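Enquirer:
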Amino acid sequence: MSYVDEVIESVVAKNPAEPEFHQAVKEVLESLRPVIEANEEKYRKVALLERMVEPERQIKFRVPWVDDKGQAHVNTGYRVQFNSAIGPYKGGIRLHPSVNIGIIKFLGFEQVFKNSLTSLPIGGGKGGSDFDPKGKSDREIMAFCQSFMTELCKYIGADTDVPAGDIGTGAREIGFMFGQYKRIRGVYEGVLTGKGLSYGGSLARTEATGYGLLYLTQELLKLNGIDIAGKTACVSGSGNVAIYAIEKATQLGVKVLTCSDSNGWVYDPDGIDVAALKEIKEVNRARLTEYKKYRPNSEYHEGRGVWVVKADLALPCATQNELLLEDAKALVENGCTAVCEGANMPTTLEATKYLQEHGVIFAPGKAANAGGVATSALEMSQNSERLSWTFDEVDAKLKNIMINITHNMVDAAKRYGHEGDYVMGANIAGFEKVADAMMAQGIC
Ligand code: NDP
Numbered sequence: 000m001s002y003v004d005e006v007i008e009s010v011v012a013k014n015p016a017e018p019e020f021h022q023a024v025k026e027v028l029e030s031l032r033p034v035i036e037a038n039e040e041k042y043r044k045v046a047l048l049e050r051m052v053e054p055e056r057q058i059k060f061r062v063p064w065v066d067d068k069g070q071a072h073v074n075t076g077y078r079v080q081f082n083s084a085i086g087p088y089k090g091g092i093r094l095h096p097s098v099n100i101g102i103i104k105f106l107g108f109e110q111v112f113k114n115s116l117t118s119l120p121i122g123g124g125k126g127g128s129d130f131d132p133k134g135k136s137d138r139e140i141m142a143f144c145q146s147f148m149t150e151l152c153k154y155i156g157a158d159t160d161v162p163a164g165d166i167g168t169g170a171r172e173i174g175f176m177f178g179q180y181k182r183i184r185g186v187y188e189g190v191l192t193g194k195g196l197s198y199g200g201s202l203a204r205t206e207a208t209g210y211g212l213l214y215l216t217q218e219l220l221k222l223n224g225i226d227i228a229g230k231t232a233c234v235s236g237s238g239n240v241a242i243y244a245i246e247k248a249t250q251l252g253v254k255v256l257t258c259s260d261s262n263g264w265v266y267d268p269d270g271i272d273v274a275a276l277k278e279i280k281e282v283n284r285a286r287l288t289e290y291k292k293y294r295p296n297s298e299y300h301e302g303r304g305v306w307v308v309k310a311d312l313a314l315p316c317a318t319q320n321e322l323l324l325e326d327a328k329a330l331v332e333n334g335c336t337a338v339c340e341g342a343n344m345p346t347t348l349e350a351t352k353y354l355q356e357h358g359v360i361f362a363p364g365k366a367a368n369a370g371g372v373a374t375s376a377l378e379m380s381q382n383s384e385r386l387s388w389t390f391d392e393v394d395a396k397l398k399n400i401m402i403n404i405t406h407n408m409v410d411a412a413k414r415y416g417h418e419g420d421y422v423m424g425a426n427i428a429g430f431e432k433v434a435d436a437m438m439a440q441g442i443c
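Position one of the sequence shown corresponds to residue 0 (numbering that gives the first Met the number 0), numbered consecutively onward.
1. Who are the Cβ neighbours of K280 in its own chain at under 6 Å, not counting the five residues just before and after it?
2. Who are the Cβ neighbours of F130 in its own chain at under 6 Å, not counting the five residues just before and after it?
3. Comparing the CB of D260 with every heavy atom of the ligand NDP, is any distance shorter than 7 Å?
4. G101 and E17 look like a contact to me (Cβ under 8 Å); what is the Cβ gap, rounded to whole Å?
5. Would you list the one or two residues that DSSP bridges to K59?
6. Taking 7 Å as the cut-off, does the CB of N343 come closer than this to any heavy atom belonging to the ligand NDP?
7. Do T205 and G445 count as a contact pair if the criterion is CB distance below 8 Å?
8. Just grab the DSSP bridge partners of N82 for me.
9. For the ligand NDP, is there any heavy atom lying closer than 7 Å to the beta carbon of N239?
10. What I want to know is whether the C-beta of D165 ends up closer than 7 Å to one or more non-hydrogen atoms of the ligand NDP.
11. What runs of the alpha helix (DSSP H), each 4 residues or longer, lie entirely inside the segment 319–401?
12. Helix, strand or coil for V255 per DSSP?
13. Is it true that the segment 322–331 meets the segment 293–301, where meeting means three or more beta-carbon pairs spaced less than 8 Å apart?
14. Since I92 is in the alpha helix (DSSP H), which residue starts that stretch and which ends it?
15. Three or more C-beta pairs under 8 Å: does that hold for the segment 380–389 against the segment 341–351?
16. Looking only at its chain, what residues have a beta carbon closer than 7 Å to the beta carbon of E340, apart from the 5 residues adjacent to it on each side?
17. Starting from V422, trace the alpha helix (DSSP H) both ways and give me its first and last residue.
18. Leaving out the 5 sequence neighbours to the left and right, which residues in its chain are closer than 7 Å to K230 when beta-carbon positions are compared?
19. With respect to the beta strand (DSSP E) encompassing A313, which residues constitute its N-terminal and C-terminal limits?
20. For H72, which beta-bridge partners are listed by DSSP?
21. Reducing DSSP to helix, strand and coil, say where Y198 ends up.
22. Are I227 and V234 close, meaning C-beta to C-beta below 8 Å?
23. Cα-Cα, which of W264, I35, A248 is closest to K287?
24. Cα-Cα, which of E5, S197, K41, F108 is closest to G174?
25. Specify the secondary structure class of E288 as computed by DSSP and reduced to three states.
26. Between the segment 401–414 and the segment 143–158, are three or more C-beta pairs nearer than 8 Å?
27. Going by alpha carbons, who is nearest to E289 out of I402, N14, S136, D272?
28. Can you give me the start and stop residues for the alpha helix (DSSP H) that V234 sits inside?
29. Among the candidates Y42, K133, F20, whose CA atom is the shortest distance from the CA of N262?
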């Protein structure tokens, strides 16, 4: 059996009931085959792949908190510190009822390669809890965040592990967590990113993942001889990534026809109104059913359905496994040119394969959504310097990083004779640096 197959088999056996983690490991290792096979003896000897798929540390803890009626609740908190070969662990905190150890491990594993792709010195980690922030008062959110950080603060620090936001964790939650860290540890340091501007946050961090997605999409289309201006797009999600992807797409001359949340989706033939979407989601924290009040010409549909709308580009920006094989078929049927992932692993393995086999340009999230973590690393630099850069400075650096990622991904695929396979390109480009650092640091 090949080294890659052996490691995949052992991951499935050793980590039962973690399908998302299996999926992420399979996707990465399968696409690394040409590199692994060229170095098999060397890598086997030092158990490189076995070490890469085993997190350095997994922390699981109790998070008790009290609601507004005086009732106590208990959630489970997680932090997976996956790989620190190239820098302190870095990765977001997800607050969603679906969170379990397998999901956090899949996200942490992906994060290792994504962070490496940015060319910045950051290792990979991820955390979260099965807490559901929906419908909770500000005080309840604060109670949860303080309890979560009371335990987490023992394991993180500006030079060891620097969490950030993710699904369910935005500026409000980061603020509560930062306050609690400072109170318990007694240090004022850049231990979290995605902070508010008044206490060490970076301009353009809020916009970074969505903007970065569009910078990469624009560059990738350009390399394929296509101008992004004048194209149409379907976007899923209506959270942080989706909102700023829609904003930047619109600025670049793309008409975005859809967005969604976990209840339903909106079709707006005139192009999604970003100001309305921000007011609904960021200010009122309401549902997308409200959108029609702002745009009477739009349609609201219950359930899922974004990918059946005819458009040139598809930008999944909600969650994992939201673009299925049947959706990929609909996209191909409708002549979609490119799928670029704003979310982490939104496209299933079968759907990805189908899109690639049918000539759709496919940019994996690991590369396409790396703008968020890259800008988090820029926030860390500003915190270390005790300086703040302007919006334009950060945005220019972000754009530069995304353009470099695009070229590294394209070139790595070419180097191994798989031109146009950007999943392979991103995985190889991310892997090479981590593998090199791990080999240099000995068996650890
Ligand atoms: P938000 O919580 O801001 O928004 C998530 C959006 O996706 C919401 O519209 C939400 O709808 C929808 N959604 C979440 N879960 C589901 C589900 N199970 N089914 C259908 N819709 C769902 O999160 P972000 O925008 O920050 O994150 C979106 C994706 O991007 C995630 O995969 C995240 O890991 C990834 N990402 C985020 C980065 C960041 O900087 N924020 C960086 C890199 C990747 P509802 O409100 O109804 O729950």
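All C-beta atoms, glycine included, are put in the ideal place defined by N, C-alpha and C. These numbers were taken from a predicted model, which means no experiment stands behind them.
Expert: Inspection of the coordinates gives the following:
1. Within the same chain, K280 has close Cβ partners S237.
2. If you ignore the 5 residues before and after F130, its C-beta comes within less than 6 Å of the C-beta of N74, L94, F143, all in its own chain and listed in chain order.
3. Taking the Cβ of D260 as the reference point, at least one heavy atom of the ligand NDP falls within a distance shorter than 7 Å.
4. That pair is a contact at about 3 Å.
5. Answer is Y77.
6. Taking non-hydrogen atoms of the ligand NDP into account, the C-beta of N343 is found less than 7 Å away from one of them.
7. Lying outside 0 to 443, the shown extent of the chain, residue 445 is not represented and no answer is given.
8. Partner residues in the beta bridge of N82, as assigned by DSSP, are G123.
9. Yes.
10. Under cutoff, so the answer is yes.
11. Fully enclosed alpha helix (DSSP H) runs of 4 or longer: 324–332, 348–356, 364–367, 370–384.
12. In this structure, V255 counts as strand in the three-state DSSP scheme.
13. No: fewer than three Cβ pairs fall under 8 Å.
14. Segment 88–94 is the beta strand (DSSP E) holding I92; no alpha helix (DSSP H) there.
15. No contact exists between the segment 380–389 and the segment 341–351.
16. These residues qualify, in order along the chain: P315, T346, A362, P363, G364, A367, N368.
17. Start and end: 421–439.
18. Once the five neighbours on either side are set aside, the close Cβ partners of K230 are V253, D311, L312.
19. From DSSP, the beta strand (DSSP E) with A313 extends over 312–315.
20. Per DSSP, the beta bridge partners of H72 are W64.
21. Residue state, collapsed to three classes: helix.
22. No.
23. Residue 287 is actually Leu in this sequence, not Lys. Of the candidates W264, I35, A248, the residue whose Cα lies closest to the Cα of L287 is W264.
24. Cα-wise, what sits closest to G174 is S197.
25. With the sequence shown as reference, residue 288 is identified as Thr, and Glu is not the correct amino acid for it. Here T288 sits in helix by DSSP.
26. Between the segment 401–414 and the segment 143–158, the count of C-beta pairs closer than 8 Å stays below three; the two stretches do not touch.
27. Nearest neighbour of E289 by Cα position, chosen from I402, N14, S136, D272, turns out to be D272.
28. Segment 231–235 is the beta strand (DSSP E) holding V234; no alpha helix (DSSP H) there.
29. The residue with the shortest Cα to Cα distance from N262 is K133.
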